[in-house]
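Heads up: the sequence shown is residues -12 to 97, going by our numbering.
By construction, the Cβ of each residue, glycine as well, lies at the ideal position given by its N, Cα and C atoms.
Working notes, structure below.
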Amino acid sequence: MQLRYPIDLTIEEYNEQKAWEHAELDHCPFHPEGGCDLARHGTYPRKFPEYCLVPRWYCPSAHKTISLLPDFLASRFPGTLDEIEQPSIQPDHAKARKKRLLFETGDISS
-12 MQLRYPIDLT
-2 IEEYNEQKAW
8 EHAELDHCPF
18 HPEGGCDLAR
28 HGTYPRKFPE
38 YCLVPRWYCP
48 SAHKTISLLP
58 DFLASRFPGT
68 LDEIEQPSIQ
78 PDHAKARKKR
88 LLFETGDISS
C-alpha cells in the first residue's frame, strides 16, 4: 500500500537531506487502533527520474507493507507528478495558441 508522504521538498532536497530517514507513520492503516506491531521495513529505490529511496513499514498482522511516497513522485508510475501532469496541460495551451494565431491573422472571427 502506498500512502502520501506530504513533504515540501524537491527530489534533490529530499536526497540531500535523506528525508526518508525522518519519515514517520503514526499508525497502521490496516489497524488504526494499534496492536499489530507495525515496524519499519527499510526502503525501496525509485530510479526514475532520479534515484531516491522510499521508506516503508510492515504490518505482520495484515502481512502487508506500507510505503510513504513523497509528494513529488507519481503513484504507480515512474517519474515525478509534474512529468505525469504536463501532457494533460499542454494540449490546452496548444489549442489556445492556435486559436490566438488564427484570430490575429484574420482566419477566424472572435
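Task: Pair within 8 Å by beta-carbon distance, D58 and P(-7) - done: yes
Open item on the list: Closest to A46 by C-alpha separation, out of H18, W7, Y38, would be which residue?
Closed with: Inspection of the sequence shows that residue 46 is occupied by Cys rather than by Ala. Of H18, W7, Y38, the residue nearest in Cα terms is H18.
Task: Close-in-space but distant-in-sequence residues of the same chain around T(-3) (CB under 7 Å, 5 per side omitted) - done: F59
Task: A10, DSSP secondary structure in three states - done: coil
Open item on the list: Determine whether the beta carbon atoms of S54 and Y31 lie at a separation below 8 Å.
Closed with: yes
Task: Within 8 Å, strictly: CB atoms of A26 and W7 - done: no
- [ ] In the DSSP assignment, find the beta strand (DSSP E) that holds Y(-8) and state where it starts and stops.
- [x] -11 to -8
Task: Cβ pair H98, T52 closer than 8 Å - done: Nothing in the structure corresponds to residue 98, since the chain is present only between -12 and 97.
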